[in-house]
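S.K.: Here it is, the structure, as structure tokens.
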Amino acid sequence: MEDSLTCVVKDDVSDKEVGKLFGTVCDLGNCDGILKDAKKGRYGAYSMCKPKQQLSFVMNQYYEQQSKKGNSASACDFKGAASTRKASKPSGTCKDLIKEAGPAGTGTVTSNPTGGSDSTSGSSSTSSGAVGIMATPGSVRVGDWQLGAYFATAIFTGAAMILL
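The following block contains the structure:
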């Protein structure tokens with residue numbers, strides 16, 4: 001998704017600044033595509049992305065809105081925190097997922113993509129606005145070390161309770 005954006009947050013922006021920028025950008029535009037509401041079971045299509053990716057998505061939405069109004073010259077500056085670049089056209093599975101997510105990131109993604117080098121195979125979801133990729137974990141893997149530590153802790157805790 002991030003490669004398909006024209007306006008993106010710069011790499012050198014700090015995490016603290018990212019938080020401030022979310023407030024600014026979300027006040028200017030629509031952040032529904034990145035929001036998470038576990039109580040209502042609603043998730044934006046890009047709610048599972050990293051914060052800088054989410055910020056780039058909403059910055060790009062604002063930039064596109066302003067470009068349509070003829071205000072693109074400074075719409076992707078955000079006090080030097082963002083810049084424009086040449087966007088790549090999505091292809092293959094990514095193209096299909098972005099199409100399902102919709103331009104605001106609020107669509108229902110029903111595809112079940114296969115894992116690539118940078119993604120995880122996930123189960124599909126039909127919750128309102130939820131994305132199939134990483135919306136729910138595909139599996140939980142526990143190694144021998146973790147299992148042994150769990151049992152050792154359980155035995156120690158049980159013995160401590162008996163001694164009390």
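Mapping to the UniProt record's numbering: the sequence shown position 124 is 124, numbers consecutive.
Cβ coordinates follow ideal geometry from the N, Cα and C atoms, glycine included.
Model, not experiment: these values are computed from the prediction.
1. Look at V9 and M59 and say whether their C-beta atoms are less than 8 Å apart.
2. List the DSSP bridge partners of A82.
3. On the three-state DSSP scale, how would you describe Y46?
4. Report yes if the C-beta distance between G44 and G105 is below 8 Å; otherwise report no.
5. Taking just the CA atoms, how far does E2 sit from D77?
6. Return the bridge partner residues of D37 from the DSSP annotation.
7. Among residues of its own chain, excluding the 5 on either side of residue 188, which ones have a beta-carbon nearer than 8 Å to its beta-carbon?
8. Among L21, C7, P90, Q53, whose alpha-carbon lies nearest the alpha-carbon of S72?
9. Closest to G107 by C-alpha separation, out of G29, L35, A152, would be which residue?
M.R.: On the basis of the data shown:
1. Your numbering for residue 9 matches position 9 in the sequence shown. Your numbering for residue 59 matches position 59 in the sequence shown. The answer is yes: Cβ separation under 8 Å.
2. Locating residue 82 in the sequence shown gives position 82, where the first residue counts as 1. Per DSSP, V9.
3. Translated into positions along the sequence shown, residue 46 becomes position 46. In this structure, Y46 counts as coil in the three-state DSSP scheme.
4. For this step, residue 44 is matched to residue 44 along the sequence shown. For this step, residue 105 is matched to residue 105 along the sequence shown. In contact: G44 and G105 (Cβ atoms closer than 8 Å).
5. Translated into the one-based positions of the sequence shown, residue 77 becomes position 77. Translated into the one-based positions of the sequence shown, residue 2 becomes position 2. When rounded, the distance between both Cα atoms is 17 Å.
6. Start at 1 with the first residue of the sequence shown, and residue 37 comes out as number 37. DSSP, once it has assigned bridges, lists R42 as partnering D37.
7. The displayed coordinates of the chain run from 1 to 164. Any statement about residue 188 would go beyond what the structure contains.
8. The residue you call residue 72 lines up with position 72 of the sequence shown. Nearest C-alpha to S72: C7.
9. As a first step, residue 107 is located in the sequence shown; it is residue number 107 there, counting from the start. Closest by alpha carbon: L35.
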